[in-house]
Each structure stands twice: as C-alpha cells, then as structure tokens.
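Enquirer: In this note's numbering, the protein residues as written are 40 to 484.
The beta-carbon is built from N, C-alpha and C at its ideal position, and this holds for glycine as well.
Note that this is a predicted model, so its numbers are computed, not measured.
Handing you this structure, nothing more for now.
See the structure below:
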C-alpha cells in the first residue's frame, strides 16, 4: 500500500472525470464545521461489488458474477476481514463504500415485508475500492491511497483526472412533484400514529412521505445542484450502474475508529428563517431528542464495554442550509472482538428515523407508509480496511433512475404532535432537494 500526497484540488474539479468510470463513489463533505467530518473520499472501478436483496447475494468482479444465499451482514463482514490492513492513518486505507437500505430491518428483526417496493434496488450495495483519493478539507491536502498497481502513480492521477466544475445559475425552473400522500392523507396517518401512542404501543414514530418527479438532466448535474442548494457534512454520490444515489445528509449514524464509536442523533426541526433558540425552548422537541438518545444509548450498550457508553453532549442546535436541528452525541467503546459491521447491525436502523420502542415503531411505519423506504433512512458510508468507518443516516437522499427522481421526507410523531405542522415539517426537510430541482440551470465552464 502507498499513500502519495498530491496538490490540492477541489473534489468537484476531479469528479466529472471520475463519474465516467464504472461504479464511481464520492463521499462528499461540503460543510465540516462541528460535524467531525474532515475528509471526502472519491473512487471508481472497485475490485468487487457486493449486492443483496433479501437473502439473495451477488458478487461482481471485472471477470464474472457469482450468486449465493445467506445473511448479507455476515457475508459482508467476511469480505471485510479479507481486505483488512494494518495502517496507522486517520482516513481509510482502502474502503468498502456503499449503503444499507432501511428495509434490511426485515432481516435483522424478522419482520414481514408489507410495504410496496416498486424501485427494486438492492437492499445492500458495496463496492470494494482498493484505490482512493482522500481530500483533507482542514489542511487542504489530497492523498492518493493505492493498494493495487493500476493507480499507483501520482502522475497518472494528475494527468488523468482533469475534470470540469459546474457553476449553478439559480433561476426558477419548476418541476412537477408527485407524492404518495396528500396533505389530508398524511394528516390522517399522523392521527393514526397518535392513536398508537395513546394506546401505549409506542412513544414516538417517524412518518415520511415520498416524492417523485421526472428530471431532464443527468444525475451528476443534479448532484452538483444539490450540494450547492443544500450543503451538508455527509454528502454522497453512488453510481450503482443502473441507478444513482444522491445524498446531502446532516446526520451522523456511526463514526468508528478502532474500538471507539460515536452516534449523533437528530430530533427537532425548524425552517432556517426561524429563531434556532425556539428549538432549545421547545419541550416537545427536547423530549423527542431525549427519547431517541436513550434508545441510542441502549443500542450502543449491546456492543460496547460495560460502563463506557456516555452522552458528552445532550442538546445542541446545529444550523444547515434550509433548517435548524437539535443534535445529541452518544459515545462508547466497543467490546473486544466486535467488528464495525457487527456494531452497525446492532444499531440499525437508526433510532431517530424509526421511533421508540424501535421494533413496534417499524411495524407501524410499514402499516402507515404506502411504499418501502429503500435507501431512505438506511445508512450510507464506508468501512475502512484499517478499522476507520463512517456512516450517515440516509435522509435528504434521492434515487435517480432513468430520468425519474425519488426522495422522501419525514418527521417524528409524538403525543402532542399537530398533524398540519408535521406535514409542513416534511416540506421543510425536503426543501434542499426541491430547491435544487426548482432552481437548476447548469452552465459548464
């Protein structure tokens, strides 16, 4: 393995060329303040692609495709063991980059798949990238991490990846959006969720609506618009071949280094034009955050050393392009022998996008939401070959397939939720993607 320093280049300057290569992946940090996200990763042409749907498994290499049957978490963990390297680096020395879809919950908890799945994407998709570009946004350095000879020359990278940046000219360009809920039907679903809360089934549940629209631009162009309209610490562009994932998530699901593990759940949302101190004064939003923080403490407690789980930061307001959020931080130390993937499985899906108690909340979500969530509310990120792993919660996330864009937005429902206000909150959370759609006019420089 070699680590080669390269002259600083903005990731967007290189991405246009990377995006033309098979299975391009870009984990993109646009806003790093307070997020703990210092590095962006870019890669293409993985040595292997792993996919799963239910218990059907598939491995694709440049030479062939193999199929199998089993638990995708267990098989993926075995693949990660084979790629493990010893490297004292703060960033990954090669990585498996991809996503876990929300509906993998049906395997973890043996829940029935009752919602309609009309996108037919893999439940799990990971590319194994032995060669990476790592962008250090604090020190303004670029590192080429290479563990195979195909990209071992820094001159090769410097000469090959001369890409094109895109400038966004914001002019109104309305797109026609379709949702799987009307305002009335969403409010009815909120009322039904409150009935479950009143009857003691749950304390809180996350309820989302799904939007779709046709877009006459490429996914790469749309992602450039999204990262300008809604900059976020956990951006991502994943090219699956027949579909692309575009994400601008503000929420850290898990950050792991060695045996140290951190999660940062988000609860409570206000539009950006409102006073963020309203969130700190809101009994409802603080109660939501406290409930989910307790849930995350319990999840980490399943895989961490006894007594190591703690809450270094219970309530903090963080401001993003379109909204303010309340955020907590929960940390712990993994027990010896617990892998990063095993830790993720124990916490998956994140409590902030399910509810509490988690299993019953997920059953109610399946009853109330017409369509399977797919990638939305799963996790996007990487397992580093050297035990450095980061994953976001896949919110503010869209799927692009053959000109059709699909994305969700939701919110936490509690006993005193007001249905119309909850509907408006989903629109506020969708604003970043809607803004990119409404204002998109790309002009190549």
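Which residue from 119, 116, 131, 245 puts its Cα closest to that of residue 464?
Expert: 245
Enquirer: Identify every residue that forms a DSSP beta bridge with residue 82.
Expert: 64
Enquirer: I want to know whether the stretch 114-131 touches the stretch 79-89 - three or more CB-CB distances under 8 angstroms.
Expert: yes
Enquirer: Can you tell me the Cα-Cα spacing of residue 238 and residue 407, whole angstroms?
Expert: 16 angstroms
Enquirer: Is the beta carbon of residue 306 closer than 9 angstroms to that of residue 431?
Expert: no
Enquirer: Is it right to say residue 422 is buried, meaning 16 or more other beta carbons lie within 10 angstroms of its own, or is it exposed?
Expert: buried
Enquirer: Can you check DSSP and say which residues form a bridge with residue 394?
Expert: 244
Enquirer: Report the start-end ranges of each beta strand (DSSP E) in the stretch 136-172 that is 3 residues or longer and not cut off at the edges.
Expert: 163-168
Enquirer: In chain order, which alpha helix (DSSP H) runs of at least 4 residues are fully inside the stretch 326-388?
Expert: Counting only runs of 4 or more, we get 379-386.
Enquirer: Since I believe residue 343 is in contact with residue 371 (beta carbons under 8 angstroms), could you give me their beta-carbon distance rounded to a whole number of angstroms?
Expert: 4 angstroms
Enquirer: Cα-Cα, which of 285, 268, 345 is closest to residue 257?
Expert: Nearest of 285, 268, 345 to residue 257, Cα basis: 285.
Enquirer: Less than 8 angstroms between the CB atoms is what I'm expecting for residue 458 and residue 417, so what's the real figure, rounded?
Expert: Residue 458 to residue 417, Cβ: 27 angstroms. No contact.
Enquirer: Give the single residue among 472, 59, 52, 40 whose Cα lies nearest to the Cα of residue 266.
Expert: 472
Enquirer: Mapping the DSSP letters down to three states, classify residue 263 as helix, strand or coil.
Expert: helix
Enquirer: With a threshold of 8 angstroms (Cβ to nearest heavy atom), would residue 460 be considered close to the ligand SAH?
Expert: You won't find the ligand SAH in this model; it holds no ligand whatsoever.
Enquirer: Taking 6 angstroms as the limit between beta carbons, can you name the residues of its chain near residue 413, skipping five residues before and five after?
Expert: 140, 158, 160
Enquirer: Per DSSP, which residues does residue 87 bridge with? Please list them.
Expert: 167
Enquirer: Output yes or no for whether 9 angstroms exceeds the beta carbon distance between residue 99 and residue 90.
Expert: Contact flag set, yes.
Enquirer: Just mark residue 164 as buried or exposed, buried being the case when its beta carbon has 16 or more other beta carbons within 10 Å.
Expert: buried
Enquirer: Assess, as a yes-or-no matter, whether the stretch 309-319 is touched by the stretch 285-297 under the definition of 3 or more beta carbon pairs within less than 8 angstroms.
Expert: no
Enquirer: Quick one: what does DSSP say residue 458 is sitting in, helix, strand or coil?
Expert: helix
Enquirer: On a CA-only basis, which of 350, 356, 374, 76 is nearest residue 368? Give me that one, please.
Expert: 350
Enquirer: Does residue 235 come out as helix, strand or coil in the three-state DSSP assignment?
Expert: helix
Enquirer: Alpha carbon to alpha carbon, how far is residue 274 from residue 466? Give it in angstroms, no decimals.
Expert: 20 angstroms
Enquirer: Determine the extent of the alpha helix (DSSP H) in which residue 112 is found, giving its start and end residues.
Expert: 111-121
Enquirer: Once DSSP output is grouped into helix, strand and coil, what is the label at residue 200?
Expert: Its pLDDT being 47, under 50, residue 200 is placed unreliably by the model, and the measurement read from it follows with that caveat. Looking at residue 200 - three-state DSSP - the assignment turns out to be coil, as it is neither helix nor strand.
Enquirer: Go ahead and pull the three-state DSSP assignment for residue 205.
Expert: Bear in mind that the predicted position of residue 205 carries a pLDDT of just 38, short of 50, making it too unreliable to give a figure here.
Enquirer: Who are the Cβ neighbours of residue 109 in its own chain at under 7 angstroms, not counting the five residues just before and after it?
Expert: 94, 96
Enquirer: Under the rule that 16 or more other beta-carbon atoms within 10 Å means buried, what is residue 287, buried or exposed?
Expert: Buried: at least 16 other Cβ atoms inside 10 Å.
Enquirer: According to DSSP, what are the bridge partners of residue 291?
Expert: 303, 431
Enquirer: If you run the structure through DSSP and keep just helix, strand and coil, what is residue 257?
Expert: coil
Enquirer: Buried or exposed: which applies to residue 153, given that a residue is buried once 16 or more other Cβ atoms fall within 10 Å of its Cβ?
Expert: exposed
Enquirer: Which stretch, first to last residue, makes up the beta strand (DSSP E) that contains residue 105?
Expert: 104-108
Enquirer: Output the distance between the C-alpha atoms of residue 354 and residue 319, rounded to the nearest integer angstrom.
Expert: One Cα belongs to residue 354, the other to residue 319, and the distance between them is close to 8 angstroms.
Enquirer: Identify which residue in 366, 359, 340 has its Cα closest to the Cα of residue 352.
Expert: Comparing Cα-Cα distances from residue 352 to each of 366, 359, 340, the minimum goes to 366.
Enquirer: Using CA coordinates, which residue listed in 424, 475, 453 is at the minimum distance from residue 446?
Expert: Considering only alpha carbons, the answer is 475.
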